[in-house]
Amino acid sequence: MSSDEQLEKFTTIAQIGNGSFGKCFLCERCSDGEQVVLKKIMLNEDAKFEAFLISQINHENVVKTFESYVSHRSVYIVMEYMSGGTLHELIKQPGKPLEDRIVLNYTSQIASALRYIHQEHRIIHRDVKPSNVLLTDHKHLDHKTLKLCDFGIASKLESGQRLKGKIGAPGTLNYLAPEILGGKL
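Numbering (the numbering used here), first residue to last: 2 to 186.
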């Protein structure tokens, strides 16, 4: 089946994201009506690498990838839809700050995702920040599940090797790890 035929399996509802390398669309899967996100990225080696990396990951705190397709111009990645917005949006809401127990719960969830991708797959995300953490749409803050997303600049460490990947684009400056700033990775 061609990538164009694969894309016919989805009905676009709305564009929900736009970045320098691609766009994200909220879609409905025609076979079962489930809402999914279709990420369309300009075709290059980095986009193919992202699709390859995230296809390996299966963890409750990482956005699930269902499938991916490569066309002559783009890479398409079909992922689960997280309707609760981003952690950045939650943090910026006016009102009282999040309670310590909720912050601890959220931190634990993200740490679990990072531990898994590091230990099981030797993947370094390289752009962990509140806008790359998605939430389930649950009324109660302490029942939300957080999921790490956007592996666009992630790197994979081979056994015995130092960081290998997009050295020139290490992430968002305000959120860089001290190891990257110090040149240790």
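Ideal Cβ positions, reconstructed from N, Cα and C, are used throughout, including at glycine.
Cβ-based burial, residue 152 [other Cβ within 10 Å; buried from 16]
buried
Quick check on the burial criterion: 16 or more other C-beta atoms within 10 angstroms. Buried or exposed for residue 156?
buried
Residue 149, DSSP secondary structure in three states:
strand
Candidates 25, 26, 54 and 149: which alpha carbon is nearest residue 109's?
149
Can you name the residues that DSSP bridges to residue 24?
19 and 41
8 Å contact criterion, which residue 30 and residue 11 should meet: CB distance rounded:
6 Å
Residue 71, enclosing beta strand (DSSP E) - first and last residue
66–71
Could you check whether residue 137 and residue 130 sit closer than 9 Å to each other, using their CB atoms as the reference points?
no
Can you look up residue 123 in the DSSP assignment and give me helix, strand or coil?
coil
Would you call residue 183 buried or exposed, if buried means 16 or more other Cβ atoms sit within 10 Å of its Cβ?
exposed
In the DSSP output, what is residue 173 paired with across the bridge?
DSSP output for residue 173 lists no bridge partner at all.
Let me check one thing: in DSSP terms, what residues is residue 103 bridge-paired to?
According to DSSP, residue 103 bridges with nothing at all.
On the three-state DSSP scale, how would you describe residue 135?
strand
One question on the structure: do residue 139 and residue 96 come within less than 9 Å of each other, judged by their Cβ atoms?
no
Can you tell me which of the three DSSP states residue 111 falls into?
helix
Could you tell me the alpha carbon to alpha carbon distance between residue 1 and residue 70, rounded to whole angstroms?
Because the chain spans 2 through 186 in this model, residue 1 falls outside it and cannot be assessed.
Mark residue 176 as exposed unless 16 or more other C-beta atoms lie within 10 angstroms of its C-beta, in which case mark it buried.
exposed
Rounded to the nearest angstrom, what separates residue 165 and residue 128 at their Cα positions?
Unreliable placement is indicated for residue 165, whose pLDDT of 46 sits below 50; no coordinate value is reported for it.
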